[in-house]
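Numbering (the working numbering), first residue to last: 1009 to 1594.
The beta-carbon is built from N, C-alpha and C at its ideal position, and this holds for glycine as well.
Every value quoted in this text rests on a predicted model; they were computed, and no experiment measured them.
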């Protein structure tokens, strides 16, 4: 069944400490206020302010396209299917602990998000922006695109997973009936406390790297990068100008500049801008001056928003808008709606937006990679998995042991798992001394560094065994899926395919481009045109240790292979370091 059945309508949570990071659930819903067209935006917000003035609490979102309703000079694309403004009105705002609700560990699986624009089209748009910058039309453009995916299972469980993965300070769950809004935003749009207003624009991103030293160097490069600092400073200047519209004279200040915050998948550069405003300045006046946040438009805001409307192919919706609450006593906190997914309740169809800031020295390929890095908050799976190595032990000892240990160490570093290599060597040595027959040794490593060893007696197949039957899966994998390159207990797809094809030795996968990748527990080698070929690692597959050995000695060569190559091959083998070579037929 899709979607939550007993989860809250509105939940705002913080998974990192900070001045504005408290968690609230909202109870006693008495009304819903919406706007579906630009001319309805201001009247809807006026109703929200009136409800808060009566002692009620408002929690909801303002979509990016609502900007044209707040200020007609702001150009946006046509309205999407979601309301431009949605606020629930509640009698109670209850302070809670993050993740204090049921953890919602119900089954939840998402397909790999498909970007609604090709890399070539993305690069072409970036080049158009660079030309506009060269002409002086704009200094910076936050260019974005949409990714689509589908969810099977409980949507609230996906929200929990996003929160755990991102550890963000401004998470939000909104169930508006037709859709659920799931946000794991790290960015504060504004916080209002009495007459004090704070903004914390976020500009500048670097993907996390495996290994503490490499990751620290990446962080330091972000801090010192002239491009990232210039990008951040442009947005700080824009935000200061926006704030000056409503601020008391001389009260706008920048307490911190170029501060880097670290999250599980990325490092982000932020700056803090504050001001004091008149007690008579309401939320509508604040939004008219500040919305949308300059970090999701670029500078100058008016012309840049026109370019965004021209270049982007679909409305942004909640993405790049704002999600938050307004309470009595001049209290309000809104995030910038990034790292935000929107899911249709009935079908499980979902959408996220990703983007990057384009400046004069931007590289189209690097900007595309930055976008993909930002979507990792959704595709990164739960941390509750283990790393696996399956090692053959016979009378000669462990086969290709150093390759296995090296691969396990690399995977542990990538996922931040603790790993004591010497302890594992010692335990394997002790286990091996008591083995007489051929065994498969299964090594399991969890995130805390705990290792378990399982020994299973095996028999090699007869050398004259007939070619084994294999088939092609109808489920494509995606070459950018990090887990394809590591051996883990996340094997649901492989186990399901093997169950569906009990008469086959293995099931062969293809990626999003139709390229052959691997089997459920084997790499592939084919003899084609007199050459021994194996799928290229970039297609999305496990770097098997036997495969690596064959590549290093020159026995096989990497190539991009298709179904047609498999059918045309003189011979096809499936290989792994435990079972060796097995000839197969499609």
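- Proximity of the stretch 1049-1056 to the stretch 1271-1288 falls short of the contact definition, fewer than three beta-carbon pairs being nearer than 8 Å.
- For residue 1083, there is no enclosing alpha helix (DSSP H), as DSSP marks it with neither H nor E.
- The shortest CA-to-CA distance from residue 1449 to any of 1437, 1456, 1455 and 1091 is the one to 1437.
- When DSSP states are grouped into helix, strand and coil, residue 1423 belongs to the helix group.
- Among the bridge pairs identified by DSSP, residue 1208 is matched with 1196.
- Here residue 1137 is near residue 1315, since their CB atoms are less than 8 Å apart.
- Residue 1156 has 1122 and 1359 as its beta-bridge partners, per DSSP.
- Contact between the stretch 1456-1465 and the stretch 1481-1501 is absent, with fewer than three C-beta pairs closer than 8 Å.
- Judged by their CB atoms, residue 1247 and residue 1277 are not nearer to each other than the 8 Å cut-off.
- In the DSSP assignment, residue 1576 falls within the unbroken alpha helix (DSSP H) covering 1571-1576.
- In this structure the stretch 1575-1585 touches the stretch 1534-1551; the number of beta carbon pairs closer than 8 Å is three or more.
- Collapsing the DSSP output to three states places residue 1529 in coil.
- Short of 7 Å from the beta carbon of residue 1394, and not among the five residues preceding or following it, lie these beta carbons of its own chain, in chain order: 1452, 1453, 1454, 1496 and 1497.
- The beta strand (DSSP E) runs of length 3 or more contained entirely in the stretch 1400-1486 are, from start to end of the chain, 1447-1453, 1459-1465 and 1476-1480.
- The beta carbons of residue 1292 and residue 1057 sit about 6 Å from each other, so the pair counts as a contact at 8 Å.
- CA-to-CA, the gap between residue 1094 and residue 1352 works out to about 16 Å.
- Using a Cβ distance threshold of 8 Å, residue 1071 and residue 1329 count as a contacting pair.
- From the listed residues 1502, 1397, 1294 and 1518, the smallest Cα separation to residue 1512 is found for 1502.
- Nearest in C-alpha terms to residue 1572, of all of 1590, 1074, 1518 and 1545, is 1518.
- Contact check for residue 1214 and residue 1227: beta-carbon distance about 7 Å, within the 8 Å limit, so the pair qualifies.
- Within the stretch 1272-1315, the complete alpha helix (DSSP H) runs of at least 4 residues fall at 1291-1298.
- For residue 1065, the uninterrupted beta strand (DSSP E) run begins and ends at 1065-1070, by DSSP.
- Approximately 5 Å separates the beta-carbon atoms of residue 1568 and residue 1523; this is inside 8 Å, confirming the contact.
- Looking only at 1422, 1490, 1558 and 1555, the smallest Cα-Cα distance to residue 1221 is reached by 1422.
- Going by DSSP, residue 1539 is part of the beta strand (DSSP E) stretching over 1539-1543.
- Counting C-beta atoms within 10 angstroms of its own C-beta, residue 1019 has 16 or more neighbours from the protein chains shown and is therefore classed as buried.
- Ranked by Cα distance from residue 1244, the first of 1337, 1303 and 1217 is 1303.
- When the beta-carbon positions are compared, residue 1362 and residue 1335 stay at least 8 Å from each other.
- Under the Cβ criterion (8 Å, minimum of three pairs), the stretch 1344-1360 counts as touching the stretch 1190-1201.
- Taking the Cα positions, residue 1212 is about 10 Å away from residue 1378.
- Our two residues, residue 1217 and residue 1430, have alpha carbons roughly 24 Å apart in a direct line.
- A buried status is given to residue 1290, since no fewer than 16 other beta-carbon atoms sit within 10 Å of its beta-carbon.
- With fewer than 16 neighbouring CB atoms inside 10 Å of its own CB, residue 1036 falls in the exposed class.
- In terms of CA proximity to residue 1468, 1585 leads the group 1585, 1232, 1425 and 1434.
- Per the C-alpha coordinates, the member of 1419, 1356 and 1386 positioned closest to residue 1173 is 1386.
- Contact between residue 1346 and residue 1195 holds, since their C-beta atoms are separated by about 6 Å, short of 8 Å.
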